[in-house]
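In the numbering used here, the protein residues as written are 249 to 619.
Backbone N, C-alpha and C fix where the C-beta goes; we use that ideal spot for every residue, glycine too.
This report concerns only the one structure given below.
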């Protein structure tokens, strides 16, 4: 056999094994050292702010990092405080409104039960009584089996729910530990950011360092582009909802629009977590006009999201809208909601590696000098 092809095959196997080993090693390290990865990401995101404090404010690097962390913590604490205050305000509002509308809901249920359920039950009973004994026994056995399955499923759910309570409670100390370690890692990584970058530059070969710099710049652009995209989409959604609620003359339109805009971040359900129960409630309460208006507004929000997201995302992270749409769809099918984020990210990484000639260098290595 030609030794050239043997050497190429061996180099191809070496590259393949190196990639597999790298992926496995990364996943393993991410599993046991994720607080430090979180710290690295936070340090990366806050580095421009730290540089601003250091250069414009003439601060020591450590003080600039500490001040940046204080600002980030204060922002998160402020957002959580506003969220809790809004929840308390909403709970107080529901405490006033729900009792007033409870009679309406009960009357509606009684009306449905009297007009629909009881006649249907009587009709089924009359049909059942006309059957012979064998058919009646068969139906009763099936009903009992269904009842047993429902009881078993409900029992398993309740058992699982109460069984998971200790795990949920034990999560809080672990989360606090991870949070503290992540912030400490952020401080030390950000403080020595350029020193660590210099060490990494000395370790890597010149070609790998050049390719890595290109990949880093493109990924940085994609990351901030993705964050900008989400903020843009949430802003557009909030403005559309606010305009719609003002047209429908809904009370607390600004507050409700902000809440629904934030709900856009929820996986799968998004704005539907607010609109759908609200539409059902208004329909039951008899305000069909408002329910129809909310339904139309909900459809408009969904349509504009589906139309604008691929276009805005593609312009922000620098890939074709069709490629963005395909990557989001494939990612969603393979990984669910997380795939909507990872799909475009993987496309960006592949495109970045291609522009940095990484694939060309790998192929040149596989072909070898014999080519």
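Please determine, among the options, the residue with the shortest C-alpha to C-alpha distance to residue i.
i: residue 302; options: 292, 385 and 314; result: 314
i: residue 354; options: 560, 613 and 534; result: 534
i: residue 558; options: 577, 390, 545 and 397; result: 577
i: residue 243; options: 370, 526 and 572; result: Outside the shown range of the chain, which is 249 to 619, sits residue 243, and nothing can be said about it.
i: residue 473; options: 604, 337, 560 and 378; result: 560
i: residue 431; options: 405, 512 and 317; result: 317
i: residue 539; options: 575, 599, 497 and 384; result: 497
i: residue 295; options: 265, 437 and 392; result: 437
i: residue 601; options: 503, 333, 551 and 457; result: 457
i: residue 537; options: 328, 495 and 587; result: 495
i: residue 542; options: 581, 369 and 488; result: 488
i: residue 443; options: 368, 399 and 309; result: 309
According to DSSP, is residue i part of a helix, a strand, or is it coil?
i: residue 605; result: coil
i: residue 282; result: helix
i: residue 497; result: coil
i: residue 378; result: coil
i: residue 371; result: helix
i: residue 592; result: helix
i: residue 296; result: helix
i: residue 576; result: helix
i: residue 307; result: coil
i: residue 440; result: coil
i: residue 616; result: coil
i: residue 584; result: coil
In angstroms with no decimal places, state the Cα-to-Cα distance between residue i and residue j.
i: residue 380; j: residue 583; result: 52 angstroms
i: residue 411; j: residue 330; result: 33 angstroms
i: residue 421; j: residue 415; result: 11 angstroms
i: residue 595; j: residue 521; result: 30 angstroms
i: residue 461; j: residue 450; result: 13 angstroms
i: residue 256; j: residue 485; result: 54 angstroms
i: residue 509; j: residue 549; result: 10 angstroms
i: residue 326; j: residue 463; result: 35 angstroms
i: residue 253; j: residue 471; result: 41 angstroms
i: residue 396; j: residue 386; result: 15 angstroms
i: residue 446; j: residue 459; result: 16 angstroms
i: residue 477; j: residue 611; result: 35 angstroms
i: residue 467; j: residue 423; result: 28 angstroms
i: residue 512; j: residue 613; result: 47 angstroms
i: residue 413; j: residue 284; result: 28 angstroms
i: residue 604; j: residue 579; result: 24 angstroms
i: residue 593; j: residue 599; result: 10 angstroms
i: residue 519; j: residue 530; result: 17 angstroms
i: residue 371; j: residue 406; result: 35 angstroms
i: residue 589; j: residue 251; result: 45 angstroms
i: residue 366; j: residue 505; result: 41 angstroms
i: residue 429; j: residue 260; result: 40 angstroms
i: residue 336; j: residue 500; result: 15 angstroms
i: residue 491; j: residue 340; result: 25 angstroms
So is residue i buried or exposed if we call it buried at 16+ other beta carbons inside 10 Å?
i: residue 272; result: exposed
i: residue 493; result: buried
i: residue 607; result: exposed
i: residue 258; result: exposed
i: residue 507; result: buried
i: residue 572; result: buried
i: residue 523; result: buried
i: residue 425; result: exposed
i: residue 359; result: exposed
i: residue 403; result: exposed
i: residue 376; result: exposed
i: residue 408; result: exposed
i: residue 378; result: exposed
i: residue 481; result: buried
i: residue 374; result: exposed
i: residue 419; result: exposed
i: residue 433; result: buried
i: residue 581; result: exposed
i: residue 546; result: buried
Looking at the ligand MN, does it come within less than 8 angstroms of residue i, judged from the CB to the closest heavy atom?
i: residue 276; result: The ligand MN is absent from the structure shown, which contains no ligands of any kind.
Exercise. Within the region 511 to 560, note down every full alpha helix (DSSP H) run reaching 4 residues or more, in order along the chain.
Key: 520 to 533, all fully within the region 511 to 560.
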